[in-house]
Amino acid sequence: MTVARESIVDIVEKSRSRRIWIAVLFGVMLASIFSSLAFGTVGPIGAGIPSRMSWGDFFNSIVAEGPASNILINLRLPRILLACAVGAALSISGAVMQCLFRNPLAEPYILGVSSGAAVGVSLGLIWGLTSLLSTPILAFSGALITVAAVYGIAQVRGRIKTDTLLLAGVAIASFLSAVSFYMLYAAGKDRDLIISWIMGSFALTTFDEVLITTFVLVMGGLLVFLFARDMNVMLMGEETAKQLGVDADTVKIIVLATASILAAIAVAFVGIVGFVGLIIPHIVRMTLGPDNRILIPASAFAGATFLIWMDVLARTVAGGQEIPIGIITAFCGAPFFIYLLRSRKTGYAYAS
Amino acid sequence: MLMLLRIDGVSCSYDSAEVLKDVTFDVPSGTLFGIVGPNGCGKTTLIRCVSRVLEPVGGSVFLDNELLSGMSFRDVASKVGVVPQTTRPGFAFTAYEIVAMGRTPYVGRLQMESEEDLAVIKGAMLSTDCWHLRSRMFSELSGGEQQRVVIARALAQEPRVLLLDEPTSHLDLGYQLQIMDMIEGLAEERNLIVVAIFHDLNMAVRYCENVVLLNEGKVEEVGGTLDVLTNENIERVYGVKVAIERSPSTGLVMIVPTARRAKNRGSGGGD
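So the protein sequences, as listed, match chains A and B. Taking this note's numbering, I'd label the letters of the first sequence as residues 1 to 352. Taking this note's numbering, I'd label the letters of the second sequence as residues 353 to 623.
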């Protein structure tokens, strides 16, 4: 066995350096949670209204009662934590869907899953079911029904046609978005609420929402991670995966349902945030390769970090004015994504 | 010791259309066994049945008196390795990562590959001469190199049966012979049961000791390669007249098409 060991050193080294990346990204995420507290209307960095806070006051307010404790701990910290959890949930969801459908375009927003969840939540708003439990449950139901429908449409004789899947997803996504916006509009809901829905917002986040989202994220993320190796094999195609010993049909149902629930929990408390689920897994795959055992945790931490800083921009760039998070993610994400598509490294991440 | 793959009365259907009808034959280990027959006769379906991707509606597949149908995918994968006609991984994996997937039936859910797994992977890659390609992207390899990597993946499953779906169809002449010589060597060395689909009858004649000739989902004939691939059988099944000649210079048997029979297959038009 030592013979194998010696000459396989390069491969072992490579997989070790990739695992170190996971630890690094996790560290960056934790550092982002703390440092992003300093950004905002109240704080040492930001608009400084009415007057800029000193670093001393800032640290005091975090560790003990201080002039801005309430804003920093009860208002800002929960939205940072929710941005963190939602970024991770959307990135895992996107990574999983791209893998299962073997298509770089698959993600919860494009497949209509997010819009399905939005219909569920909108129904809740109209029926007055807006409790901490009913909102996510309605979002899950909407997402799962939608993913089943899109999947059913794309299935021809037991095989998934990926083109049909994406087209059906896009069609269903815009149909369901229209449905949920119309429902809110017709019910006379306030326009700000509708806009914060279309574009997503982390304003007015509570710790309870953070707890529920984190719980769903951790359970769903771990469940998906259990099947990471199976998903690698399924990238060879489902038939080949079965011949290599993976019960592809079962894995697909479990993992796809979990990915939909992860996307739905993000919609439930934040609204529709595009682009995160699409670009984060791509960027990670381009740098660390397609192995899901690395890709899934690395995407989670990278997506969390990304959304924390996007939310910092959302609450700082326009002075005291809050910008919907979806505008920021699209604004920053899309050009960067196009740059990546055109860059030479892309060839590394995608076969043929 | 001689092992045996027994296909016993296997019938198979897609959406009620019967593709295989009561197919029965035995395959011994150590030599190559060919499946030949015209397009749509059920060759690939037969491979899908043996590898348990498709559940037969009737009959059974036995490996050394053990029933394969009804086993879990994982158990079958530790006994039967498949080399598909084409391999296109969804995202870019290295050659090593592709071969490592062959260890799927042995590696637990939360485990990394053990040293023993690494040794098996390396051994498989060495025996198909692709170990030096391990860090290259699979998609950047040539057709022949890709095929060697995929065969190594099947070997990494440590199977007793190797199923190949037209292993040489996308390869140039040099690679065709290289791959087939390699498979022949592996069959003998590892005492494998090797079943391969061939479109090129001359490949079957050159490498297979026995073949089964399928036609419209039924076994037309099974036995020694030259006993099955006779002028009459080929003309009846493929609709082509052939001359079967032994080359005086090389001693190799060649099947040379001479004319298409008047009864046309497909829409090629009358000639």
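By construction, the Cβ of each residue, glycine as well, lies at the ideal position given by its N, Cα and C atoms.
My assumption, with CB atoms under 8 Å, is that residue i sits in contact with residue j. Please give the rounded CB distance.
{"i": "A:Leu138", "j": "A:Val150", "result": "Contact flag wrong, Cβ pair sits at about 19 Å."}
{"i": "B:Val451", "j": "B:Ala508", "result": "5 Å"}
{"i": "A:Val210", "j": "A:Met231", "result": "With a Cβ gap of about 28 Å, A:Val210 and A:Met231 do not count as contacting."}
{"i": "B:Ala429", "j": "B:Pro408", "result": "The Cβ separation is near 18 Å, so there is no contact."}
{"i": "A:Leu193", "j": "A:Leu262", "result": "Wrong, their Cβ atoms sit about 24 Å apart, outside the cutoff."}
Check the DSSP bridge columns for residue i and list the partner residues they point to.
{"i": "B:Ile607", "result": "B:Ile596"}
{"i": "B:Thr376", "result": "None; B:Thr376 has no bridge partner."}
{"i": "B:Thr446", "result": "B:Met489"}
{"i": "A:Leu100", "result": "Partner(s): none; A:Leu100 has no beta bridge."}
{"i": "B:Leu566", "result": "B:Val571"}
{"i": "B:Val434", "result": "B:Leu515"}
{"i": "B:Val547", "result": "B:Phe385, B:Leu515"}
{"i": "A:Ile160", "result": "A:Gln155"}
When you compare only the Cα positions, how much space is there between residue i and residue j?
{"i": "A:Glu322", "j": "A:Thr316", "result": "8 Å"}
{"i": "A:Leu132", "j": "A:Ala264", "result": "14 Å"}
{"i": "A:Asn292", "j": "A:Ala228", "result": "5 Å"}
{"i": "B:Pro511", "j": "A:Leu235", "result": "22 Å"}
{"i": "B:Ile545", "j": "B:Gly569", "result": "22 Å"}
{"i": "A:Leu144", "j": "B:Val371", "result": "36 Å"}
{"i": "B:Phe443", "j": "A:Val284", "result": "13 Å"}
{"i": "B:Gly621", "j": "B:Thr396", "result": "With a pLDDT of only 39 at B:Gly621, under the threshold of 50, the placement of this residue in the model should not be trusted, and no figure is reported."}
{"i": "A:Asp57", "j": "A:Gly66", "result": "7 Å"}
{"i": "B:Thr439", "j": "A:Phe301", "result": "32 Å"}
{"i": "B:Phe477", "j": "A:Gly112", "result": "Per the sequence shown, the amino acid found at residue 477 of chain B is Met instead of Phe. For B:Met477 and A:Gly112, the distance between alpha carbons rounds to 43 Å."}
{"i": "A:Val24", "j": "A:Ile73", "result": "26 Å"}
{"i": "A:Val42", "j": "A:Gly94", "result": "34 Å"}
{"i": "B:Leu514", "j": "B:Val547", "result": "6 Å"}
{"i": "B:Thr383", "j": "A:Lys161", "result": "39 Å"}
{"i": "A:Phe101", "j": "A:Pro324", "result": "30 Å"}
{"i": "B:Leu462", "j": "A:Leu223", "result": "11 Å"}
{"i": "A:Gly120", "j": "A:Phe225", "result": "27 Å"}
{"i": "A:Ile92", "j": "A:Val28", "result": "18 Å"}
{"i": "A:Ile296", "j": "A:Cys99", "result": "11 Å"}
{"i": "B:Ser487", "j": "A:Thr287", "result": "15 Å"}
{"i": "A:Asn70", "j": "A:Phe202", "result": "17 Å"}
{"i": "B:Arg588", "j": "B:Ala369", "result": "23 Å"}
{"i": "B:Ile549", "j": "B:Phe414", "result": "19 Å"}
Under a CB-based cut-off of 9 Å, is residue i close to chain B?
{"i": "A:Glu239", "result": "yes"}
{"i": "A:Phe331", "result": "no"}
{"i": "A:Tyr348", "result": "Its pLDDT being 43, under 50, A:Tyr348 is placed unreliably by the model, and nothing is read from it."}
{"i": "A:Gly70", "result": "At residue 70 of chain A the sequence reads Asn, which differs from the Gly that was named. A:Asn70 does not count as touching chain B."}
{"i": "A:Met97", "result": "no"}
{"i": "A:Pro108", "result": "no"}
{"i": "A:Asp230", "result": "yes"}
{"i": "A:Val156", "result": "no"}
{"i": "A:Pro290", "result": "yes"}
{"i": "A:Asp208", "result": "no"}
{"i": "A:Ala248", "result": "yes"}
{"i": "A:Leu125", "result": "no"}
{"i": "A:Leu111", "result": "no"}
{"i": "A:Val284", "result": "no"}
{"i": "A:Gly152", "result": "no"}
{"i": "A:Met1", "result": "Caution applies to A:Met1, whose pLDDT of 40 falls short of 50 and renders its modelled position unreliable; the value that the coordinates give is listed next. So, interface residue."}
{"i": "A:Leu359", "result": "Limits of chain A in this structure are 1 at one end and 352 at the other, which puts residue 359 of chain A out of reach."}
{"i": "A:Asn103", "result": "yes"}
{"i": "A:Lys161", "result": "no"}
Does any CB atom of chain A fall closer than 9 Å to the CB of residue i?
{"i": "B:Gln530", "result": "no"}
{"i": "B:Glu449", "result": "yes"}
{"i": "B:Val574", "result": "no"}
{"i": "B:Thr555", "result": "Note on residue identity: the sequence assigns Met, not Thr, to residue 555 of chain B. Closer than 9 Å: no."}
{"i": "B:Ser487", "result": "yes"}
{"i": "B:Ala369", "result": "no"}
{"i": "B:Gly621", "result": "For B:Gly621, the predicted model reports a pLDDT of 39, less than 50, meaning its position is unreliable; a value from the coordinates is still stated below. No, no contact with chain A."}
{"i": "B:Thr439", "result": "yes"}
{"i": "B:Gln509", "result": "yes"}
{"i": "B:Arg500", "result": "no"}
{"i": "B:Arg548", "result": "Reading off the sequence, residue 548 of chain B comes out as Ala, not Arg. It does not: the Cβ of B:Ala548 has no partner Cβ on chain A nearer than 9 Å."}
{"i": "B:Phe414", "result": "no"}
{"i": "B:Leu514", "result": "no"}
Check whether the stretch 356–366 of chain B and the stretch 374–391 of chain B touch, using three or more Cβ-Cβ pairs below 8 Å as the test. Counting C-beta pairs with one atom in each stretch, the stretch 356–366 of chain B and the stretch 374–391 of chain B have three or more that are closer than 8 Å, which means they touch.
Three or more beta-carbon pairs under 8 Å between the stretch 456–474 of chain B and the stretch 513–524 of chain B, yes or no? Contact between the stretch 456–474 of chain B and the stretch 513–524 of chain B is absent: fewer than three C-beta pairs spanning the two stretches fall below 8 Å.
How about the stretch 562–571 of chain B and the stretch 385–396 of chain B: do they share at least three Cβ pairs that are nearer than 8 Å? With three or more CB-CB distances shorter than 8 Å, the stretch 562–571 of chain B counts as touching the stretch 385–396 of chain B.
Would the stretch 243–252 of chain A count as touching the stretch 304–312 of chain A if we require 3 or more Cβ pairs under 8 Å? With a cut-off of 8 Å on Cβ pairs, the stretch 243–252 of chain A is not in contact with the stretch 304–312 of chain A, counting fewer than three such pairs.
Using 8 Å as the Cβ pair cut-off and three pairs as the minimum, do the stretch 401–411 of chain B and the stretch 421–428 of chain B touch? As far as the Cβ criterion goes, the stretch 401–411 of chain B touches the stretch 421–428 of chain B, which means the pair count is three or higher.
Counting Cβ pairs, one atom from each stretch, are 3 or more of them under 8 Å apart for the stretch 489–507 of chain B and the stretch 526–539 of chain B? Proximity of the stretch 489–507 of chain B to the stretch 526–539 of chain B meets the contact definition, three or more beta-carbon pairs being nearer than 8 Å.
Count Cβ pairs between the stretch 112–124 of chain A and the stretch 152–161 of chain A that sit closer than 8 Å; are there 3 or more? The stretch 112–124 of chain A is not in contact with the stretch 152–161 of chain A.
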